[in-house]
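Student: One structure, pasted below without further comment.
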Amino acid sequence: MADDAARRTAIAAAHDADISLISDELPLRANLSVLENIAIVPQYRENLAYEVAADQAWALLVRLGRTDCAFKRDPDLTSEERFVAKLLRAVIRAPSIIIIDRPALLLPDCHYPPRVQATLDALDDKINECWIVDYPWNEPLYAPR
Amino acid sequence: MPAMDSLIDLLTRRGAALLAWLRGWRRLGRFGATAIVEALTPATYNSATRSVVQKQIYFTAWQILPGFTLFAAVLSYVLIQIVVDTARDYGLAQHALEMSVRILVLEILPLLTALFVGLRSGAAINTEVALMIVHNEMKALEETGVDPMRFEFIPRVIGGVISVVALTAVASALALVLAYVAVYGFQFFSLPEFNRVVGNVFDPPAIALLWAKVFAFGLAVTVIPISEGLAAPADKLFFVPISVLRGMVRLFFVLMLVEVISLALKYI
Amino acid sequence: MERAPVRAPLIKNLEFKVGLLLVLTLVLAAGFLLYTMYARGAFERTQRLILVTENAEGVQSGMAMTYAGFPIGRVKRLDLADDGEVRVEMAIPVKDARWLRQSSVFTLEKSLVGGARIRAFTNQPDDPILEDGAERPLLTGDAAAEIPEIMAQVQDILANVKAMTQADSSINQSLVHVKTVTERMAGEHGVLGGVLGSPENAGKVIQAVDRSNALLASLNDVSHKADGMLGKADQRVFGPDGVMDEVQKSVTQINAILADVRDSLKKADAILANGEAISADVKAATTDIAVLRAEVDDSLTKVNHLINEINRKWPFAREVEVKLP
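Protein chains in written order, with this note's numbering: chain A, 1 to 145; chain B, 1 to 268; chain C, 1 to 325.
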């Protein structure tokens, strides 16, 4: 990606119904816990009972080993936990494309590309396609493909 | 001419303020209409929205039920006593019951409930919606495929209406019992007389009007704060208090308007 | 799949509590609706009663009919029949229908203040019970029907008063005679001349007093009759109607004035008795007679005023003038 304008063009497609965007600008619902934030999606979209939806969300959290944050709310989360919650909220909907916008903002203060990659690998069978949108000056951070 | 310029400037600003005010009402009307239509659409109700409705009813009605019931009972009893004593002093004792039932059940208790719920839950809803807008949570919900209108707002309107109806019903039923006790004492022989007076007060038009009024109150205490909260601009945290202030003023105005209209319909 | 842990939820028994509140509200709302319907008599077995009247002004659907002050039925609907009469259909709860008998009378009363009232009266509680769907006339508070009778009585009284006060009436003659006697007593013949010169006059005085006493008795009788009749009228068909009230007031006034007249007559009686006994105090006697005449005059003015008022209120175009000669 060249600059901010290009980035915006890239994520503009995310308004398509079948694309989920994960961004620093799109927070979790503040009055719900992480588990509820994830479970609400199948609850709303597929009219699943809370217990069933919560089981699905729990299973995803177990995979990533993040069950300890399941009942925390947004302000109590570390940025890594917050990123996981946002990612799972997108994953549980099973969209065709997931776009992660500027992971540096979501995972500050760390060498984020490996962490993002590790998380995505753990959810490999649940994700159809995932794009990471980042600035070209961050390219050296990513492992060569 | 500087004087002319300042006058034009003033008029422009006044006009803009008026337009903004009118836009507020239009937005309010549109949201209210949407809310009613959505509430009557079965597709609105799913596992997620139901849980929001339940929570809204829990926070708005169940939590305050004991305190509110006690408060309404004390107020009702005091008012009934005042009416009964005054009526006796003026030799109008036979009208005391009818009058206390009229002022309490038809007028004061619905309005009191609406004000209580409006001050408590209305203010809370207004703040929360404004914060949601400011923090961009609306967009985030949309992004995950959840319609915030159906998920967050409509259930609150439904819950608010049900809460106001429930609280009014409980308070009114209690007031009727208290009115009986205050006028006739602890005995059952005067029930036919009581029935006659109550039957006289609550003819079908009066019941219909009461229902319509309570329903309008329930809509007002949620629709207005939500609509006002939705008008908050994104990312402007300082706007939240202004939004709540405007919402409360508008809510108070509408509640009084509904009350005046109902009185006018009944007595004119 | 691993299950989400059952964690104590934020709100205990949320669904139960909300459900309870909803059920409570529904029960209250439905119960209230049913209760008001019951209170309005929707579930009571009722029987029909049709009241026929010429003018049902002031009668509204839902209005109650009272018996002895207790509501025992309400107006269901009003129809204007082809013959121009109004048919008021009443719904009488079966449990209250026992108060209504075949001979019951139904009245519609309109007062100046407050609305119209339908009242039922049962004079003979032994009569058979009124049947379902009965048709009865609804008597309106037509006070004019009884007014002529009352007025006839009043006219009698007035005629008596008039006769009493005519120039040639015995009482006046008596007074003239008394005057003559006292003049004579005051004149050259003195008291003795008064006594000796008027044996036949003295007889006339006694006669006049007798007659005025008889008149008093008849006046009393009439006024009692008027009182009784008014009482009866009030109790029965012609209740506190605006017009009727006026009649009662007038008759009360008549009674008061008659009492005045009576008092005056009593005084005359006493003075005449004095004259008969030929009091030594002649001067006092003449003064008394002057006072008496003034009093009679005053009473007559009152009677005149009353007659005018009655004439103004009802078109009994009859010149009734009472004058003291």
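For each residue, glycine too, the CB sits at the ideal point set by N, CA and C.
Keep in mind the model is a prediction, meaning the values are calculated, not measured.
Any residues in the region 139 to 163 of chain B with a beta carbon nearer than 7 Å to a beta carbon of chain A? Which ones, in chain order?
Tutor: Lys139, Ala140, Leu141, Glu143, Thr144, Gly145, Val146 and Phe151
Student: Are the CB atoms of A:Tyr44 and B:Thr49 nearer to each other than 9 Å?
Tutor: yes
Student: Does the beta-carbon of A:Asp125 have 16 or more other beta-carbons within 10 angstroms, so that it is buried, or is it exposed?
Tutor: exposed
Student: Check whether the region 15 to 28 of chain C touches the region 94 to 110 of chain C, taking contact to mean three or more Cβ pairs, one atom from each stretch, closer than 8 Å.
Tutor: The region 15 to 28 of chain C vs the region 94 to 110 of chain C: no contact.
Student: Do B:Pro225 and B:Val129 have their beta-carbon atoms positioned less than 9 Å apart in this structure?
Tutor: yes
Student: Any idea what DSSP makes of C:Lys323, helix, strand or coil?
Tutor: No answer about C:Lys323 holds up, because its pLDDT of 47 lies below 50 and its placement is not dependable.
Student: Would B:Val52 count as contacting chain F if we go by Cβ distances under 9 Å?
Tutor: Checking the listed chains, one finds no chain F in this structure; the protein chains it contains are A, B and C.
Student: Quick check: what's the CA-CA separation for A:Leu26 versus A:Ile132?
Tutor: 16 Å
Student: Tell me which residues of the region 83 to 100 of chain A have at least one Cβ-Cβ distance to chain B shorter than 9 Å, keeping chain order.
Tutor: Considering only beta carbons, the part of the region 83 to 100 of chain A lying closer than 9 Å to chain B consists of Lys86, Arg89, Ala90, Ile92, Arg93 and Pro95, in chain order.
Student: In the DSSP assignment, find the alpha helix (DSSP H) that holds C:Trp99 and state where it starts and stops.
Tutor: Element bounds for C:Trp99: n/a, residue is neither H nor E.
Student: Between the region 32 to 48 of chain B and the region 245 to 264 of chain B, can you find at least three pairs of beta-carbon atoms closer than 8 Å?
Tutor: no
Student: Locate the alpha helix (DSSP H) running through B:Lys266, then write down its first and last residues.
Tutor: Phe239 to Tyr267
Student: For chain A, find out if any of its Cβ atoms is closer than 9 Å to the Cβ of B:Glu137; answer yes or no.
Tutor: yes
Student: Helix, strand or coil for A:Asp18 per DSSP?
Tutor: Coil at A:Asp18, not helix or strand.
Student: Spell out the partners DSSP gives C:Met65 in its beta bridges.
Tutor: C:Ile118
Student: With a threshold of 16 other CB atoms inside 10 Å of the CB of B:Gly15, please say whether the residue is buried or exposed.
Tutor: exposed
Student: What do you get for B:Tyr90, buried or exposed, if any count of 16 or more other CB atoms within 10 angstroms of its CB means buried?
Tutor: exposed
Student: Does B:Ser172 get closer than 9 Å to chain C when you measure Cβ to Cβ?
Tutor: With 9 Å as the cut-off, B:Ser172 counts as an interface residue toward chain C.
Student: Of the residues that make up the region 28 to 44 of chain A, which ones have a beta carbon closer than 8 Å to any beta carbon in chain B?
Tutor: Leu28, Arg29, Ala30, Asn31, Ile40, Val41, Gln43 and Tyr44
Student: At least one CB of chain B closer than 9 Å to the CB of C:Ala120: is that the case?
Tutor: no
Student: Report all residues from its chain with a CB closer than 6 Å to the CB of B:Ser190; omit the five preceding and five following residues, and keep chain order.
Tutor: Excluding sequence neighbours, B:Ser190 sits near Tyr184.
Student: Thinking C-alpha only, which one of C:Arg101, C:Leu80 and C:Ile72 is nearest C:Lys95?
Tutor: Ranked by how close their Cα comes to the Cα of C:Lys95, the residues C:Arg101, C:Leu80 and C:Ile72 have C:Ile72 in first place.
Student: Let me know the secondary structure DSSP gives C:Val191 once reduced to three states.
Tutor: Confidence in C:Val191 is poor, its pLDDT being 49 and thus under 50, which makes the residue's placement too unreliable to answer from.
Student: Between the beta-carbon of C:Asp127 and the beta-carbon of C:Arg101, is there less than 9 Å?
Tutor: yes
Student: May I ask you to report which of helix, strand or coil DSSP gives B:Thr144?
Tutor: The answer is coil: DSSP assigns B:Thr144 none of H, G, I, E or B.
Student: On the three-state DSSP scale, how would you describe B:Thr44?
Tutor: helix
Student: Kindly indicate the opening and closing residues of the beta strand (DSSP E) around C:Glu135.
Tutor: Ala134 to Thr140
Student: Looking at A:Leu32 and A:Ile99, is the spacing between their C-beta atoms short of 9 Å?
Tutor: no
Student: Is the Cβ-Cβ distance between B:Thr144 and A:Ala90 less than 9 Å?
Tutor: Taking 9 Å as the Cβ cut-off, B:Thr144 and A:Ala90 qualify as a contacting pair.
Student: When DSSP labels each residue in this structure, what does B:Gly118 get in the three-state scheme?
Tutor: helix
Student: Flag this pair as yes or no: are the beta carbons of B:Ile162 and C:Leu33 separated by less than 9 Å?
Tutor: Contact: no.
Student: Taking the DSSP output, what are the residues bridged to C:Met90?
Tutor: According to DSSP, which records beta bridges pairwise, C:Met90 is partnered with C:Leu49 and C:Val75.
Student: Using the beta-carbon count (16 or more within 10 Å), is B:Thr269 buried or exposed?
Tutor: For chain B, the structure presents residues 1 to 268; residue 269 of chain B sits outside this window and is missing.
Student: What are the residues in the region 48 to 81 of chain A lying within 8 Å of chain B by C-beta distance?
Tutor: Leu48, Ala49, Tyr50 and Ala53
Student: In the DSSP output, which residue or residues are listed as bridge partners for C:Leu344?
Tutor: With chain C running from 1 to 325 in the structure shown, residue 344 of chain C is simply not present.
Student: On the CB-based measure, 16 or more other CB atoms within 10 Å of its CB, does B:Glu181 come out buried or exposed?
Tutor: Here the sequence assigns Val to residue 181 of chain B, which means Glu is not the residue at that position. With fewer than 16 other Cβ atoms within 10 Å, it is exposed.
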